[in-house]
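Colleague:
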Amino acid sequence: MTDAVIKSQFPAPGQQNARRVAQAVERVSRVFEQRKLRFTKLRQQVYEEIVGVHTSIGAYDILERLAVKGTRLAPISVYRAIDALMDAGVIHRLESKNAFFACRRPEHGFEKGKRPLVLACEKCGSVAEVDSGDIFETIGKMAAAADFTPRVKFVEVSGLCPRCVGDNDQN
Ligand SMILES: [Zn+2]
Ligand SMILES: [Zn+2]
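Following this line, the structure appears as structure tokens:
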């Protein structure tokens, strides 16, 4: 895989570049504005922690990171900020880990059939969203055949990201 592909799908490992984080914050503040929601300081702080890492991050990790920076909060405050960010579609929950990651493909939108497929690297924790093709449609059909009413919201695949596959090759 080329670097270009790695760059476009999986965020670079480690703490994300401050300029990129600032750009993401700027974009998210516009999303909130468009939806007539308030991008409060707390929501921004929580978002910065989530978008600042290339992996998914749990609520308690966010709480700890903010505490280190001098912002001590009750867990409920962080959960409320997370809920607001999820409602706005700027972060998603990685269900298998009960952790959160920043949406880096805002163009997928909220429309039916556009839900992305979530790819999570089990080695470095990197998360990417890719087109889901007709996976959700197929799930719907298979479930209907079993007289089951599906309420699928996500499909997650764990495995190795291009970087970690490369690492394995060298071993
Ligand atoms: Zn997304
Ligand atoms: Zn990886």
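Residue numbering for the sequence shown follows numbering that gives the first Met the number 0, beginning at 0 and increasing consecutively. Cβ atoms here follow ideal geometry from the backbone N, Cα and C, with glycine treated the same way. Everything numeric in this text was worked out from a predicted model, so none of it was measured.
#1: How many angstroms separate the CA atom of L185 from the CA atom of T70?
#2: Roughly how many angstroms separate the alpha carbons of H107 and A142, rounded to a whole number?
#3: Whose C-beta lies closer than 7 Å to the C-beta of E48 among residues of the same chain, with five residues either side of it excluded?
#4: Less than 8 Å between the CB atoms is what I'm expecting for L36 and A80, so what's the real figure, rounded?
#5: Less than 8 Å separating the beta-carbons of C163 and K122?
#6: What residues match up with I134 in a beta bridge as DSSP calls it?
#7: Which one or two residues does DSSP pair with C123 in a beta bridge?
#8: For a test of the three-state rule: what should DSSP assign to L72, helix, strand or coil?
#9: Give me every residue whose Cβ sits closer than 6 Å to any heavy atom of ligand 1, in chain order.
#10: In terms of residues, what are the limits of the alpha helix (DSSP H) holding S28?
#11: Sorted by chain position, which residues of the same chain lie with C-beta nearer than 8 Å to V156's C-beta, five sequence neighbours on each side aside?
#12: How big is the Cα-Cα spacing for F147 and G158?
Modeller: Here's the rundown:
#1: The requested residue 185 is not part of the displayed model; the chain covers only 0 to 170.
#2: Going by the C-alpha atoms only, they are around 24 Å apart.
#3: I56, I61, R64, L65
#4: Going by Cβ atoms, the distance from L36 to A80 rounds to 12 Å, so no, they are not a contact pair.
#5: Taking 8 Å as the Cβ cut-off, C163 and K122 qualify as a contacting pair.
#6: In DSSP, I134 forms no bridge with anything.
#7: The partner list for C123 (beta bridge, DSSP) is empty, contrary to what the question assumes.
#8: coil
#9: Sorted by chain position, residues whose beta-carbon lies closer than 6 Å to a non-hydrogen atom of ligand 1 are H91, C102, R104, H107, P115, E128.
#10: 17 to 33
#11: L116, V117, L118, A119
#12: 29 Å
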